[in-house]
Amino acid sequence: MTKNKISRKQFHRLDPDYERPLYQLPNKIKARIIKKLRFLYGEQGAEIWFPELERIMSVYYAHKTEHMIAWEKTYKAAERFSEKDAILITYGDLIRGKREKPLELMVDLCKTYLKDAFNVLHILPFFPYSSDRGFAVLDFKEVDPQLGTWEDILNLKDDFQLMFDGVFNHVSSKSRWFQEFLNQNPDYIDFFTVFSTKEGISPDHLKLITRPRTSEVLTQFKTLYGPRLVWTTFSQDQIDLNYKNPRVLLKMVEILLTYVRRGADIIRLDAVTYLWEELGTSCAHLDQSHVIIKLFRDILDAVAPHVALITETNVMHKDNIRYFGNGRDEAQMVYNFALPPLVLHAFQTANTTTLTQWAKNLGINSDTTTYFNFLDSHDGIGVTAARGILPDEEIEMMALRVLEHGGYISYKDNGDGTMSPYEFNITWYSAINREDAKEENDAEAVIEQKHTRSINRTTLSKKYLLSALDDPDSNIYQVASGLIRLIRKRIKEKSFHPNAAQRVLSITEKVFAVLRTSRDNSECILAVTNVSNARQELAIDLKQCEIEFDNCIDILTNKTFTAKEGKLRLILAPYDIVWLKGNV
Amino acid sequence: MSFLVEETRDNRVQIIRCPKRIDITISSDLRDILSNLIEQGKYEIVIDLTQTQYVDSSGLGAIVSRIAAARSNKGDVRIAGPRKNVKELFQLTHLNQILKMYDNVEAASLSYER
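Order-wise, the sequence lines are chains Y and E.
Numbering (our numbering) for the first sequence: 26 to 609.
Numbering (our numbering) for the second sequence: 5 to 118.
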């Protein structure tokens with residue numbers, strides 16, 4: 026992300042400045058927004074609702090400081106991401122102390138240990154919630170008082186950029202909005218997708234609906250005027266919002282811009298695959314859902330262009346990358362969901378063939394977008410994105426290995442009476458280590474909380490964490506120090522800039538090899554990882570691999586290598602990594 | 005009482021008779037038994053839970069601790085006679101989607117003949 030000397034903490038005022046001239050939406054963006062509103066709500070709908078959207082944008086604009094307005098003039102979208110970007114994903118209450126609130130502890134810990142490694146913090150939903158560890162939001166605009174305050178969040182901005190969750194697909198069944206629906210308040214009756222009877226969805230239509238869960242898509246609730254069936258993609262406590270109602274869209278735009286005011290630099294659009302429901306379709310990644318994301322992008326491009334959108338869509342890879350749009354009109358980042366299962370498969374089978382083949386075809390369609398590469402998340406290791414890349418029987422075998430390593434499997438309903446693995450619930454540590462290694466899974470929490478995702482959602486006491494970080498024999502020390510060491514090396518290398526050229530090489534099935542060349546073509550890094558438990562002796566034919574250096578240095582060990590007779594000879598220990606840097 | 009391993013008359017299926025409780029104090033024994041069977045090339049296994057009243061998370065982990073090894077060698081680890089509360093635990097952890105369950109040891113053993 027662009028290096029700047031201006032503190033982003035000073036980007037917004039707490040109160041709006043209404044003495045300033047009103048925000049003038051550029052005509053080009055105005056036309057784009059109106060076109061999208063027409064697509065969603067028709068000619069008349071666009072005419073009615075555009076002025077309200079413009080008003081919301083103007084209110085946001087009145088909160089911008091002169092500081093921010095001046096800074097924006099120097100902002101370059103192509104420099105939005107860089108090799109310096111490393112995002113830490115954490116729960117707001119990951120660390121428990123005796124006196125301090127969790128967010129205060131988080132601020133201290135991040136500033137002490139992580140400042141020169143990570144530059145972005147993604148604190149998972151920190152709003153009041155009723156279930157799913159934050160993803161059933163009660164109030165989108167409040168910080169959970171058990172965690173801390175908006176001030177604690179803002180304090181992190183001294184040293185980090187922030188990623189917030191936009192949990193915009195659904196809301197808690199205990200939220201005020203849904204309670205007002207149950208009260209049949211006319212203002213909220215159309216906030217949700219509602220049926221009077223089960224017959225409202227025909228069996229044929231039901232079969233078509235893509236389900237990420239095994240639960241029923243409709244949940245019955247008692248309302249003032251009798252029972253109603255409500256659309257619930259994820260759980261009975263997570264009620265889908267009805268974007269066919271323009272008021273819902275406008276509410277969410279207002280919340281989106283509130284997050285920007287409160288310090289968000291990146292907004293993670295949770296579960297956006299399911300934003301729009303349309304009977305007779307799969308109800309997943311419909312054009313309307315894409316248009317809503319594009320509308321969010323237009324709004325941010327107009328009033329807060331430094332804020333990036335990232336889509337979280339655990340779907341097949343080909344559908345996932347559609348959220349990049351044309352590279353300039355939808356999400357700037359997309360969760361690279363195929364990466365975790367393919368990397369896990371490579372380590373489980375000591376064979377990189379599938380990973381290498383897939384990675385060779387990974388492309389980015391603009392200099393303002395990039396993949397959000399990750400190996401594990403609070404949810405687990407999604408496998409849907411690997412379907413069509415790995416055969417089904419390979420995914421089934423991976424699932425069995427996950428069970429052997431102490432994990433569990435979440436399933437999805439295929440709509441034909443069968444179920445298939447949707448997600449592996451296991452810590453990444455336990456997934457890739459030997460089955461007799463000390464487990465890091467919280468298996469007891471799964472039974473206590475009746476949720477397989479709880480296996481990877483443990484909390485730590487401050488005392489325990491700090492003592493583990495001081496103990497070189499602890500898993501926490503070894504994982505944290507190992508990763509931080511790699512990240513500190515990575516953020517100094519221009520060959521790791523997201524827009525640097527990338528070529529994935531087929532050397533042997535036991536190693537994964539990627540050649541990165543800096544944008545100015547002056548340097549390159551050949552990164553080689555041994556995914557097997559055996560020593561690998563490699564003789565890399567530089568000409569055949571089109572590598573243009575003879576001498577290189579492993580930047581992880583400072584060991585130098587010289588090619589002889591056009592071949593670079595390497596000996597890799599089991600699971601070894603080398604990052605060979607050379608001048609072009 | 006701990007675990008007891010028996011073979012069917014044709015020496016084909018290995019039956020592991022389980023005690024009343026499978027918890028952290030003895031789950032590693034079950035892991036060892038399963039590992040030994042797999043090492044001996046005995047891949048058709050039945051875990052008899054007829055007497056088992058309680059299984060904890062470590063017990064569940066032990067039951068599936070060699071399931072990939074068994075299935076990749078054309079065998080399996082199948083469950084016989086689970087009680088209602090144990091069945092509910094399998095459902096809660098979605099292991100019911102993976103494990104084949106039978107009412108009794110005979111039915112579980114015979115299932116390998118099909």
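Using N, Cα and C, we set each Cβ at its ideal position, and we do this for glycine too.
Note that the coordinates shown come from a computational prediction; the quantities given were computed from them, not determined experimentally.
For residue 93 of chain Y, not one C-beta of chain E is nearer than 7 Å to its own C-beta. DSSP, read as helix, strand or coil, puts residue 417 of chain Y in helix.
Ranking Y/385, Y/344, Y/523 by CA distance to the CA of residue 297 of chain Y puts Y/344 first. For residue 271 of chain Y, the three-state secondary structure derived from DSSP is helix. If you draw a straight line from the Cα of residue 495 of chain Y to the Cα of residue 135 of chain Y, it is about 16 Å long. Per DSSP, the continuous beta strand (DSSP E) segment holding residue 82 of chain E begins and ends at 80 to 84.
With respect to the C-alpha of residue 373 of chain Y, the residue from Y/232, Y/453, Y/447 having the closest C-alpha is Y/453. For residue 440 of chain Y, not one C-beta of chain E is nearer than 7 Å to its own C-beta. Within the model, the alpha-carbon separation for residue 51 of chain E versus residue 110 of chain E is close to 12 Å. Within the region 425 to 449 of chain Y, the residues whose Cβ lies closer than 8 Å to some Cβ of chain E are 425, 426, 428, 429, 431, 433, 434, 435, 436, 444, listed in chain order. Residue 254 of chain Y is bridged by DSSP to Y/220, Y/245. Residue burial annotation: residue 267 of chain Y is buried, with at least 16 other C-beta atoms found within 10 angstroms of its C-beta. Put simply, the backbone Cα of residue 517 of chain Y is about 17 Å away from that of residue 105 of chain Y. Sequence-ordered contacts of the region 464 to 475 of chain Y with chain E read 468, 469, 471, 472, 475 [C-beta pairs closer than 7 Å]. Note: residue 527 of chain Y is bridge-paired with Y/541 in the DSSP secondary-structure output.
For residue 124 of chain Y, the closest C-alpha among the options Y/598, Y/556, Y/486, Y/102 is that of Y/486. Per DSSP, the beta-bridge partners of residue 603 of chain Y are Y/553.
It is roughly 56 Å from the alpha-carbon of residue 251 of chain Y to the alpha-carbon of residue 492 of chain Y. Looking at the backbone, the Cα of residue 294 of chain Y and that of residue 565 of chain Y are separated by about 42 Å. Contact between residue 263 of chain Y and residue 157 of chain Y holds, since their C-beta atoms are separated by about 7 Å, short of 8 Å. Residues of the same chain with a CB within less than 7 Å of the CB of residue 43 of chain Y, apart from the 5 flanking positions on each side, are 87 in chain order. Assigned with DSSP and collapsed to three states, residue 206 of chain Y falls in helix. The C-alpha of residue 430 of chain Y is placed about 46 Å away from the C-alpha of residue 215 of chain Y. Annotation for residue 441 of chain Y: 232 place their beta carbon closer than 8 Å to its own, counting only its chain and skipping 5 residues before and after. Against chain Y, the CB of residue 68 of chain E has a partner CB under 7 Å away; the residue lies at that interface. Look at residue 9 of chain E here: in three-state DSSP terms it is strand. By DSSP's assignment, residue 159 of chain Y forms no beta bridge with any residue.
For residue 101 of chain E, the neighbours in chain Y by C-beta distance under 8 Å run, in chain order, 434, 436, 444. CA-CA distance, residue 272 of chain Y to residue 347 of chain Y, rounds to 27 Å.
Contact between residue 226 of chain Y and residue 128 of chain Y is absent: CB atoms are separated by about 42 Å, not below the 8 Å threshold. When the five nearest sequence neighbours on each side are left out, the beta carbons in the same chain lying within less than 7 Å of the beta carbon of residue 220 of chain Y are those of 226, 243, 254, in order along the chain.
Contacts with chain Y at 7 Å (Cβ-Cβ) do not include residue 63 of chain E. Setting aside the 5 residues that flank it on each side, residue 282 of chain Y is surrounded in the same chain by 85, each with a C-beta closer than 6 Å to its C-beta; the list follows chain order. Counting only runs that start and end inside the region 447 to 471 of chain Y, the alpha helix (DSSP H) elements of at least 4 residues fall at 453 to 457. Within chain E, no residue has its CB atom less than 8 Å from the CB of residue 218 of chain Y, the nearest being about 27 Å off.
Under the 7 Å criterion on CB atoms, residue 29 of chain E is classed as non-interfacial with respect to chain Y.
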